[in-house]
Structure formats: structure tokens, C-alpha cells
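Number 173 in our numbering belongs to position 166 of the sequence shown; there are no gaps in the numbering.
Note that beta-carbon positions come from the ideal geometry of N, C-alpha and C, so glycine has one too.
What follows is one structure encoded as C-alpha cells, with my remarks underneath.
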Amino acid sequence: MTSAANLLPPLNGNKILTGLLILACVGWACSAPKSAVKPESIPEKKTEKADIGQKPVLKVDTVHWTEKKMDAPATIDQNNQVKVPPTNIRKKVQATSGRRSDSVYQILTLLPFVSTEVDTAATRLSPQMLRYIHFYAGMEMAVTDFGSKLNHPVEIKVRTAADSSDLNTILKESERNLPHLILGPQKPDLIKMAAEWAQQNDVNLISPWVSSSTLVEGNPNYIQVKPSLIAHYKYINDYVRRAYPVDHITLVLRDDEAGKDQYFNDTSRYHQKMEVRILKELDLATSNEPIITGLLRPEGTTVFVLPMGSTRDETFVYHFLRRVASEKELKDVVVFGMSKWLEMKSDVIDLLHSQQVRMSASNFADPDLYEIRSFKKRYFDRYREFPSEDVLEGYDLMHYCLHSLCAHGPEFHRSLYDEKNVHYLQTQYEILPVYRNASEASGQPDYYENGYIRLVELKNNKLREIE
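Following this line, the structure appears as C-alpha cells:
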């Protein structure tokens with residue numbers, strides 16, 4: 008029987024956080040070289056090998072959970088070292104030697120757990136650390152759901168890579184037994200470091216969180232599962248040009264980002280140029296004169312495109328949408344923006360409800376779908392809390408990795424196979440090669456990227472997919 012080891016038992020309420028923190032701490036301890044002194048509070052114990060017959064086995068080289076009850080939480084000592092109650096865990100150690108073998112696919116997951124972010128006085132975790140704990144919980148749910156269905160053995164190792172020192176140690180250790188796939192790390196400088204190592208050792212690396220069009224160059228081993236801003240720009244541009252006459256469209260830019268025009272009016276791709284207006288945030292906020300009125304069409308739909316996906320754009324977006332609401336009267340106006348707007352202040356959210364605002368998004372979970380409702384129930388039954396978006400992301404990504412590795416082999420991202428028959432909770436995976444120089448499109452790509460993007464709008468307190 009196929010075994011999926013080291014899965015968390017059900018916990019009550021916030022105890023999931025304590026439990027997963029212990030996992031993070033053990034991962035950190037395992038990241039040290041073998042010659043390092045192991046914390047005395049984490050005794051090493053050998054585990055019995057499961058009888059799995061001739062079927063594939065999925066291993067998770069992290070922690071075996073032996074008790075539901077946690078008599079004492081993890082603590083931080085005076086040297087900022089994590090101390091974990093030894094009765095709650097036992098660690099599995101597996102020797103590594105030689106080069107990787109395709110007889111067992113190995114996934115190395117690098118998570119940015121940082122013990123110093125624990126508030127020991129309030130026994131709380133920082134929101135940033137909590138995000139990755141939730142991501143890991145989603146990964147474990149995917150192992151539960153799909154581990155027994157694999158047609159090939161897979162081994163998953165979870166390690167902590169909070170800084171360059173952690174990462175360097177892990178990569179050096181991994182040279183003795185190269186993984187087939189790496190997930191993470193989180194920080195851009197660490198991603199760049201890991202991506203260079205991955206290319207040198209012909210190991211594929213997936214960036215789950217960071218998306219950039221300039222992070223790597225000429226590296227076909229690097230995969231971004233979140234589309235870059237440029238990919239969002241292209242999607243919105245192509246959509247509005249298909250859906251509306253170009254002379255109905257106005258590209259709105261801040262006065263310090265006029266260069267974005269190149270992504271929307273590339274003469275090598277588009278014959279007709281859309282109008283561009285540079286607006287100042289101060290004018291939108293304080294001017295007593297109409298600003299939007301002169302841009303509105305007397306008949307038909309007026310389309311505004313605001314390619315703004317940063318938190319620094321929040322005030323500009325708010326004042327622009329407020330201007331549209333106050334100046335459009337009965338005219339038909341549609342605004343296109345980015346899903347980042349859904350994370351802005353409540354005043355912006357209110358305007359998203361009341362206006363026709365359509366946003367590009369790579370992640371969207373329809374709460375009315377049976378699959379989403381079923382997953383939320385199972386997750387709540389297990390952890391006594393409802394899943395966050397990070398849980399769904401971790402679940403989908405691990406599902407994708409397990410399915411792709413076993414169905415298509417380690418070079419799955421270069422096969423460009425059709426994934427339409429594989430269903431995920433909040434996204435799809437349309438992995439495509441990216442070339443910065445269009446003239447070199449027949450050669451080696453600079454990297455691979457998920458091209459799945461859709462348009463959503465907020466109506467009646469619910470997100471609705473447009474396309």
C-alpha cells in the first residue's frame with residue numbers, strides 16, 4: 008500500500024500554528040551540516056520502514072507526528088535557538104550519496120521559516136511566517152489527496168531557507184544527491200542564487216511566490232508559476248483590443264511611469280495606437296476642475312486601462328476611481344486594472360463594487376464550486392480553521408508538481424502538454440517559454456512562465472470571472 012508519511016493530524020483551532028512551527032524548527036535544524044551539533048531537545052530516532060509492496064511510495068522527509076496533544080509550545084532561548092518539546096516529534100534522517108536516480112523523483116521544498124519572527128510573549132506568529140505555514144499545510148493536503156494515486160515513487164524534502172547561509176548549505180548538500188525539482192526559495196536574491204545553481208546542475212526550479220521578467224536570463228531550468236506584470240499587461244492589452252474599438256481606449260499612467268506605454272503600443276505587434284494620458288496624483292486628489300470628463304466618449308463605452316499593480320499605486324487608484332464615479336454621470340465607463348487592487352484599503356474596495364472594474368488575476372477560486380466547498384470542509388475538519396489563499400496556492404502547486412513529474416517526467420515544463428483535463432482549485436498551469444528578444448524565439452528561452460490569466464470583477468461581495 009502506498010504510504011504518505013509525516014502528515015499532520017487534526018488539531019484544534021490555532022494549534023495548527025504551533026504544530027507547523029515545530030515542523031519549521033525541525034526543518035531548520037536539519038538544514039545544518041552533518042558535522043554540526045544537533046539541538047539536544049530534538050533527539051534523533053530511527054523509524055520502522057513501511058511495507059509498501061511493489062507500489063510507488065511518496066515520502067515526505069520532514070516530521071512524523073505522534074501525538075495530538077501538545078503539552079508545551081515551542082520556545083526561543085537566549086541564543087535565538089528554537090527549543091521543541093521532544094515528546095511531540097521524532098526526526099527521520101536519510102543518508103544521501105551519489106547522483107540522483109529517476110527511480111525516485113525528488114522534490115526539494117525551500118520555505119522561509121524564520122524563528123526570530125515568533126512573538127514569544129503573545130505566542131503568536133508574524134503574518135509573514137503564518138503565510139508560509141498555511142502554504143505548507145496546503146502542500147500536505149495535496150500529498151494526502153494525491154500521494155496514493157501516483158504511478159511513480161516521489162520523495163519530498165522540506166527545508167528552511169531563510170537567508171543565503173541556509174540556502175548555500177542546502178545547495179552544497181544537494182550536490183551529493185541532486186533533486187529533480189526545487190520549489191522556492193522566497194526572496195528575489197535567494198531565487199537568483201538558487202536559479203544559477205539549478206542551471207549549473209540541470210535541476211528545474213519553480214518560483215512559487217516571486218515573479219519578475221528580469222530575475223534570470225537564458226535559464227530554461229527556471230519556472231515562474233505567477234505571471235509577471237508584463238504578462239498581465241499583454242493579456243489586458245490583447246483583451247481590450249479584441250473587445251473594444253481602439254479609439255475607445257485610454258491608457259492612464261502616473262507622471263513617473265510614462266515608459267509603460269511601450270508595452271501597450273508596441274508598433275511591431277499593434278497597428279493602431281491607443282491614446283495615452285499622463286495624470287498627476289495630486290491633481291486627481293485636489294483639483295476642483297473636471298479631469299475625467301474630457302476623456303469620456305459621448306456615445307458608446309469609454310475604456311480606461313490602469314497598469315498599476317503595486318501598493319504604492321493605492322492612492323492614485325482610489326482618486327481615479329472616485330473621479331470616474333463623480334464625473335461619468337450616465338455614461339458607460341469600464342476600467343481595467345490588476346488583482347492587487349483587491350488588497351487595497353476599504354475605500355478602494357467600495358469603488359470596485361460600485362463601478363465597472365475588471366482586473367487581471369492568475370488565481371481565482373469560485374466559492375460556489377463544489378470542489379472549493381468540499382476542500383474547505385475537509386480542511387476545516389482537519390485543522391479547525393478555514394483555508395486562506397496561501398493554503399489553496401500550496402495545494403494547487405504540489406498537486407501540479409506531483410502530477411507533472413509522474414505523468415511527464417522531470418522535463419515536464421518543456422513538453423508544453425495540454426493540462427485542460429487536470430483541474431485545480433484556483434488556477435491552471437499553462438507553462439510557456441519566455442524570450443526577451445523576439446528575434447531569438449526559436450532558440451533557448453530566458454525562462455518559463457505560467458501564462459494563465461483571467462479577468463475578474465467584484466459584484467455583490469463576490470468575485471466573478473469575466474473570461
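Using only the alpha-carbon positions, how far apart do N370 and E400 sit?
If you draw a straight line from the Cα of N370 to the Cα of E400, it comes to about 8 Å.
Contact set for Q193: own chain, Cβ-Cβ below 6 Å, skip 5 residues either direction
For Q193, where only same-chain residues beyond five positions count, the Cβ hits under 6 Å are P119 and W216.
List in chain order: all unbroken beta strand (DSSP E) runs of 3+ residues lying wholly within the segment 276-308.
282-286
How many angstroms separate the CA atom of G225 from the CA atom of Q451?
7 Å
Minimum C-alpha distance to F142 - residue among K469, N428, A201 and E396
E396
Considering Cα atoms alone, identify which of Y442, S422, R421 and D403 is closest to V429.
D403
Please report the straight-line C-alpha distance between A372 and S333, rounded to a whole angstrom.
32 Å
What residue from F311, S353 and G301 has the CA that sits closest to T322's CA?
S353
Does the segment 184-192 come close enough to the segment 206-216 to have 3 or more Cβ pairs within less than 8 Å?
yes
Going by C-alpha distance, which of Q363, I243, V398 and P314 is nearest K335?
Q363
On the CB-based measure, 16 or more other CB atoms within 10 Å of its CB, does G154 come out buried or exposed?
buried
Own chain residues within Cβ distance below 8 Å of N272, not counting five before or after
So the qualifying residues of the chain are L258, K280, M281 and V283.
Name the two residues that bound the continuous alpha helix (DSSP H) containing Q206.
P195 to Q207
Going residue by residue through the segment 304-373, where are the continuous alpha helix (DSSP H) segments of at least 4 residues, counting only ones entirely within it?
Taken in chain order, the whole alpha helix (DSSP H) runs of length 4 or more contained in the segment 304-373 are 321-334 and 353-361.
Let me check understanding here. Comparing Cα to Cα, which of Q231, D152 and I298 lies closest to G458?
Q231
Evaluate L337 with the Cβ neighbour count: other Cβ atoms within 10 Å of its Cβ, from every protein chain shown; 16 or more gives buried, anything less gives exposed.
exposed
DSSP three-state assignment for V441, whether helix, strand or coil:
Three-state result, V441: strand.
Using the beta-carbon count (16 or more within 10 Å), is D320 buried or exposed?
buried
Considering only residues of the same chain and omitting the five flanking positions on each side of C37, which have a CB-CB separation below 6 Å?
Model confidence at C37 stands at a pLDDT of 32, short of 50, so the residue's coordinates are unreliable and nothing is read from them.
Tell me the DSSP secondary structure of T221 in three-state form.
coil
Could you name the residues of the same chain whose beta carbon sits closer than 6 Å to that of Y325, not counting the 5 residues immediately before and after it, in chain order?
D354 and V355
Whether S367 touches S346 by CB criterion (8 Å)
yes
Between the C-alpha atoms of E288 and I438, what's the straight-line distance to the nearest angstrom?
Whole-angstrom Cα-Cα distance: 37 Å.
By Cβ distance below 8 Å, which residues in the same chain neighbour R471 in space, the five residues on each side in sequence not counted?
If we look at R471 and ignore the five residues flanking it on each side, its Cβ neighbours are V463, E464 and L465.
Report the rounded CA-to-CA distance for I298 versus D290, giving the unit in angstroms.
One C-alpha to the other measures close to 8 Å.
Work out the CA separation of K241 and H420 for me, nearest whole Å.
Their backbone Cα atoms lie some 22 Å apart in a straight line.
My output table needs one value for L157: the three-state DSSP class, helix, strand or coil.
coil
Would you kindly check if the distance between the Cβ of H406 and the Cβ of A149 is under 8 Å?
yes
Residues that L212 bridges to, as DSSP identifies them:
I189 and Y229
Locate the alpha helix (DSSP H) running through R183, then write down its first and last residues.
Unbroken run through R183: none, as it is neither H nor E.
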